[in-house]
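Here numbering that gives the first Met the number 0 is used: position 167 in the sequence shown is 166, and no number is missing along the way.
The structure under discussion appears below in the form of structure tokens.
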Amino acid sequence: MSDNRKYYYLKLKENYFDEDAIVLLESMQDGILYSNILLKLYLKSLKNGGKLQLDENIPYTAQMIATITRQQVGTVERALQIFMKLGLVEPLPSGALYMSNIELLIGQSSTEGERKRRARLALQEQKALPKAGADKCPPYQADICPPEIEIEKEIEIEKERERELDKGQPARAAYGRYENVFLSQSELDGLKADLPDKWNYYIDRLSCHIASSGKRYRSHAATIYKWAQEDAAKKAPKKGIPDYSCKEGESL
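Below you can see the structure in the form of structure tokens.
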């Protein structure tokens, strides 16, 4: 019998312990204990999309967290206060605690993109996070976007990879300022050959357009070619009405 259960795991970047919040945390008195508690809370929250709760209706209390982390209640209470000040934990309207940025750290054996989408919708219903698209980064703004935009970008990349794999095609790579323009290597090579001076401009232009408008296109390469043709047509000289007027002393 096949095992259809979902297995969750924590994805830590190699510089996780070099991040400012973690460095500050571990520099405090009992900071190593707090860091250990934080990792345990991340793991305990995985199956609930970052929420610390025993089930749908019972959020974890400090006493419960002390039990599952095998630490003193006082240590846990101090740790939670510090986590909130550092923005590592947020209280939700339901009374549960939410592990900030957990969506960037969760992995599982099934489709990640769909799980992340459902998790965001659940949090939006509680008004814990802003609506998707409410604070989009305008085109050509700073390269640093809010975590919500980064999550959406990761979801879109994951979905694109899944679509390509379902079709039996090699996954396209992400390009552009917001990494949301998907091109195969052959498509990219074609753009470089056909638009040698403008291929990078059109990729960034499409990337900013998608990020600001939320539009979806069946083929990003085809969209770029279409835009290039339209731009070329605008620059072509227009055929006007012939000038048959004569200057004084001239005749037709």
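Glycine residues also receive a C-beta, built at the ideal position from the N, C-alpha and C atoms.
These figures come from a predicted structure and were not determined experimentally.
- Task: Could you pull out every residue in the same chain whose Cβ sits closer than 8 Å to the Cβ of residue 191, ignoring the five residues on either side in sequence?
- Result: As a position in the sequence shown, residue 191 is number 192, starting the count at 1. Correct list, in chain order: 198.
- Determine the burial state of residue 11: buried for a count of at least 16 other Cβ atoms within 10 Å of its Cβ, exposed for fewer. Within the sequence shown, residue 11 is the residue found at index 12, counting from 1. Residue 11 is exposed by the Cβ-count criterion.
- Task: Answer yes or no: do residue 36 and residue 62 have a C-beta to C-beta separation smaller than 9 Å?
- Result: Against the sequence shown, residue 36 aligns to sequence position 37. Against the sequence shown, residue 62 aligns to sequence position 63. Cβ atoms of residue 36 and residue 62: not closer than 9 Å.
- Per DSSP, cross-strand counterpart(s) of residue 52: Locating residue 52 in the sequence shown gives position 53, counting from the first residue. As a beta-bridge residue in DSSP terms, residue 52 pairs with 58.
- Which first and last residues belong to the alpha helix (DSSP H) in which residue 20 is found? Counting from 1 along the sequence shown, the entry for residue 20 is found at position 21. Start and end: 19 to 26.
- Query: Excluding five sequence neighbours on each side, which residues of the same chain lie with their C-beta closer than 7 Å to the C-beta of residue 256?
  - Reply: Nothing about residue 256 can be reported from this structure: the residues present for the chain run from 0 to 251 only.
- Query: Are residue 8 and residue 44 touching if we call contact CB-CB under 9 Å?
  - Reply: Translated into positions along the sequence shown, residue 8 becomes position 9. Translated into positions along the sequence shown, residue 44 becomes position 45. The answer is no: Cβ separation not under 9 Å.
- Message: Less than 6 Å between C-beta atoms, sequence neighbours within five positions excluded: which residues of the same chain meet that for residue 183?
- Response: Here residue 183 refers to the residue found at position 184 when the sequence shown is read from its first residue. Counting only Cβ-Cβ distances below 6 Å, and skipping sequence neighbours, we find 171.
- Item | Inter-residue Cα distance where the pair is residue 77 and residue 85 | Here residue 77 is taken as the residue at index 78 of the sequence shown, counted from 1. Here residue 85 is taken as the residue at index 86 of the sequence shown, counted from 1. Answer to the nearest angstrom: the Cα atoms are 12 Å apart.
- Tell me whether residue 50 is buried or exposed, calling it buried when 16 or more other Cβ atoms sit within 10 Å of its Cβ. As a working note, residue 50 is residue 51 in the sequence shown. By the neighbour-count rule (16 or more Cβ atoms within 10 Å), residue 50 is buried.
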